[in-house]
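Structure first, commentary second.
There are 2 protein chains.
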Amino acid sequence: MVEAYLDRLTHFSPVSEKSRDLLKKHIYTGKVAKGDFILKYQEACNAIYFIESGFARQYYFKNGKDITEWFAGEQEFCFSISSYFKNTPSNLMIEALEDSTVIYLDKKGFTSLTKTHLDLAQLAITMFSRSLIFSQERTESILFQSAKDCYLNLLKKQPHILQQVSLAHIASFLGITQETLSRIRAKI
Amino acid sequence: MVEAYLDRLTHFSPVSEKSRDLLKKHIYTGKVAKGDFILKYQEACNAIYFIESGFARQYYFKNGKDITEWFAGEQEFCFSISSYFKNTPSNLMIEALEDSTVIYLDKKGFTSLTKTHLDLAQLAITMFSRSLIFSQERTESILFQSAKDCYLNLLKKQPHILQQVSLAHIASFLGITQETLSRIRAKI
DNA sequence: CTGGTTATTTGACAAATGTCAAAGGTTTTC
DNA sequence: GAAAACCTTTGACATTTGTCAAATAACCAG
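Chains A and B, in that order, give the protein sequences. Note that the first sequence covers residues 1 to 188 in our numbering. Note that the second sequence covers residues 1001 to 1188 in our numbering.
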């Protein structure tokens, strides 16, 4: 499982056998039951998480409302950007919506390896630039589309989400209310 | 000027004298007159731009509408994330709203140096992770705030923008119409 | 300074979305 | 299999924001 994960990681950017072995020491796996947290509120995000199997939701509270920031499906990464980079307690929570197997890439270990190994530094650059592109696309998608178009966009890009997640969560991901989303659906 | 820029860059992450000299070879400066483009439509974004003096607006067209993605003030960075990382022609344009002096950090040169020098790779990691945090904060700010709160947020974080930019551009940055913004202002 | 241009505000109304409440559906649990 | 808990839909109405058009205000060039 860890080998497959390493394959996936190093697909972003080539990594020597030696670096791969070093990296392996900072990777560990865990099971998270449905409803439990991969990252708890106010906890430091000290790893990059990879959902080997299962499904997770990233969310936070704003003015008492539960806001979904992102969904992470199987074979996808997630982490709290601000907590990870700023070393602050996380406002973001990551909850397993199904029983999940999670692979952790330890931040401290990974960071220190990037300081001594060029190939791993390249890997970090590639990973973060990919995140940057995702983040960018999300902003553009939400900023200038109607709720309906956002929904259709989601439907196209990540249709599996709609099978697994409650309406309320999808609505908060899209930045609209549950009722509005229900009405949008009714029209399609 | 370039030295001050290097100081600023290397403040993100320490860089050796030797690396600094190497980096310098990939930095060049230019003047851009008001109304001219730092990055043209469909051009490849082959540098990270730094506004030494002046002011710039990043925007693109969506369904015929002019959408402002970001403003870059003095001593700030800007570039087209997707064009830079994906090597695609840029949909984003960067226009100087005032006569500006721009410092270019050449992508090709910088990228290749990050492949051979650990300290410069670290610099890249730090720069891109900072961009990631900015992008993230922007999404959160826009996604779950009313138009008014977005405006107040901008007022607090980048008040200088409001002095330099037309209402229409600020409105498109906030994702609202000019009329709505005008009414929000009237109430304050 | 003055006419022309551009930017901003205002008004009237339409459309989209939110809020609150209630009614149906589903799923879970015992 | 029935009650409880939870999720989704629907209705009525309020609020926010958009659209179009016109009126002001600010800016610029000659």
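All C-beta atoms, glycine included, are put in the ideal place defined by N, C-alpha and C.
Is it buried or exposed for ILE170(A), if we count other Cβ within 10 angstroms and need 16 for buried?
The count along the first sequence starts at 1 and reaches residue 170(A) at position 170. By the neighbour-count rule (16 or more Cβ atoms within 10 Å), ILE170(A) is buried.
When the cut-off is 8 Å and only beta carbons count, does PHE1071(B) lie next to chain A?
On the second sequence, position 71 is the one that residue 1071(B) refers to. With 8 Å as the cut-off, PHE1071(B) does not count as an interface residue toward chain A.
Taking the alpha-carbon of LYS65(A) as reference, which of TYR84(A), GLU52(A), ILE188(A), GLN178(A) has the nearest alpha-carbon?
The residue you call residue 65(A) lines up with position 65 of the first sequence. Comparing Cα positions, the closest option is GLN178(A).
At what residue ranges does the stretch 1017-1047 of chain B contain a whole run of the beta strand (DSSP E), taking only runs of 3 or more?
Counting whole runs of 3 or more residues, the stretch 1017-1047 of chain B contains the beta strand (DSSP E) stretches 1027-1032, 1037-1039.
Looking at the structure shown, is PRO1014(B) part of a helix, part of a strand, or coil, going by DSSP?
Residue numbering aside, residue 1014(B) sits at position 14 when the second sequence is read from its first letter. Three-state DSSP puts PRO1014(B) in coil, outside helix and strand.
Measuring CA to CA, which of GLU1140(B), PRO1159(B), LEU1113(B) is closest to SER1019(B)?
Sequence index remark: in the second sequence, residue 1019(B) carries index 19 (1-based). Among GLU1140(B), PRO1159(B), LEU1113(B), the Cα nearest to that of SER1019(B) belongs to LEU1113(B).
Helix, strand or coil, according to DSSP, for GLN163(A) in the structure here?
As a working mapping, residue 163(A) is identified with position 163 in the first sequence. Residue state, collapsed to three classes: helix.
Are the Cβ atoms of LEU120(A) and ILE27(A) separated by less than 8 Å?
One-based indexing of the first sequence puts residue 120(A) at position 120. One-based indexing of the first sequence puts residue 27(A) at position 27. Not a contact, by the Cβ cut-off of 8 Å.
Near PHE1037(B), what residues of its chain come up, given a Cβ to Cβ distance below 7 Å and the 5 sequence neighbours on each side ignored?
Position 37 of the second sequence, counted from the start, is the residue given in the question as residue 1037(B). Closer than 7 Å at the Cβ level, and outside the excluded window around PHE1037(B), lie MET1093, ILE1094, GLU1095.
Measuring alpha carbon to alpha carbon, tell me which of PRO14(A), PHE55(A), SER146(A) ends up nearest SER166(A).
Reading the first sequence from its first residue, position 166 is the one you call residue 166(A). When only C-alpha atoms are compared, the closest one is PHE55(A).
Going by DSSP, what residues sit across from PHE1061(B) in a beta bridge?
As a first step, residue 1061(B) must be located in the second sequence, where it is residue number 61. According to DSSP, PHE1061(B) bridges with ASP1066(B).
Just list the residues that DSSP pairs SER1053(B) with in beta bridges.
Here residue 1053(B) is taken as the residue at index 53 of the second sequence, counted from 1. For SER1053(B), which the question treats as bridged, DSSP gives the partners THR1101(B).
Do we get a CB-CB distance below 8 Å when we pair THR101(A) with the residues of chain B?
In the first sequence, the residue the question calls residue 101(A) occupies position 101. Chain B, which has no Cβ nearer than 8 Å to the Cβ of THR101(A), makes this no.
Of the choices GLY1030(B), ALA1004(B), GLY1109(B), SER1100(B), whose alpha-carbon is the least far from that of ASN1046(B)?
Here the question's residue 1046(B) lines up with position 46 in the second sequence. ASN1046(B) has its Cα closest to that of GLY1109(B), out of GLY1030(B), ALA1004(B), GLY1109(B), SER1100(B).
Just tell me which of ILE1067(B), HIS1011(B), HIS1117(B) has its CA closest to the CA of ARG1130(B).
What you label residue 1130(B) is simply residue 130 of the second sequence in a count that begins at 1. Considering only alpha carbons, the answer is HIS1011(B).
Which two residues bound the contiguous alpha helix (DSSP H) that contains ILE1081(B)?
Locating residue 1081(B) in the second sequence gives position 81, where the first residue counts as 1. Segment 1081-1086, the alpha helix (DSSP H) holding ILE1081(B).
On the DSSP letters alone, give me the boundaries of the alpha helix (DSSP H) that ILE184(A) sits inside.
Locating residue 184(A) in the first sequence gives position 184, counting from the first residue. ILE184(A) -> alpha helix (DSSP H) spans 178-186.
Report the residues of the stretch 1119-1130 of chain B with a CB closer than 7 Å to any CB of chain A, ordered along the chain.
Residues passing the 7 Å Cβ filter: ALA1121, GLN1122, ALA1124, ILE1125, PHE1128, SER1129.
Could you check if SER90(A) is buried or exposed, using at least 16 other CB atoms within 10 Å of its CB as the buried criterion?
Working through the first sequence from its first residue, we reach residue 90(A) at position 90. Result: buried.
Return the chain-ordered list of same chain residues with a C-beta closer than 8 Å to the C-beta of LEU1162(B), the five sequence neighbours on each side being excluded.
For the purposes of this step, residue 1162(B) is identified with residue 162 of the second sequence, where counting begins at 1. Same-chain partners within the cutoff: LEU1154, LEU1155, ILE1170.
Can you find a CB in chain A that lies within less than 8 Å of the CB of GLN1136(B)?
As a first step, residue 1136(B) must be located in the second sequence, where it is residue number 136. By this cut-off, GLN1136(B) is an interface position.
By the DSSP assignment, the alpha helix (DSSP H) with GLY1109(B) in it spans what residues?
For this step, residue 1109(B) is matched to residue 109 along the second sequence. Element bounds for GLY1109(B): 1107-1114.
With 8 Å as the threshold, decide whether the Cβ of SER1082(B) is near any Cβ in chain A.
Your numbering for residue 1082(B) matches position 82 in the second sequence. Yes, because at least one Cβ of chain A sits closer than 8 Å to the Cβ of SER1082(B).
Where do the N-terminal and C-terminal ends of the alpha helix (DSSP H) with LEU92(A) fall, by residue?
Counting from 1 along the first sequence, the entry for residue 92(A) is found at position 92. Neither: LEU92(A) is in no alpha helix (DSSP H) and is coded neither H nor E.
Smallest Cα separation from GLU1074(B): which of ASP1099(B), THR1088(B), SER1083(B)?
By 1-based counting over the second sequence, the position of residue 1074(B) is 74. Nearest option by C-alpha distance: ASP1099(B).
If I'm right that PHE1079(B) touches ILE1051(B) with Cβ under 8 Å, what's the distance once you round it to whole angstroms?
The residue you call residue 1079(B) lines up with position 79 of the second sequence. The residue you call residue 1051(B) lines up with position 51 of the second sequence. With a Cβ gap of about 11 Å, PHE1079(B) and ILE1051(B) do not count as contacting.
Is the CB-CB distance between SER13(A) and LEU123(A) below 8 Å?
What you label residue 13(A) is simply residue 13 of the first sequence in a count that begins at 1. What you label residue 123(A) is simply residue 123 of the first sequence in a count that begins at 1. Going by C-beta atoms, SER13(A) is nearer than 8 Å to LEU123(A).
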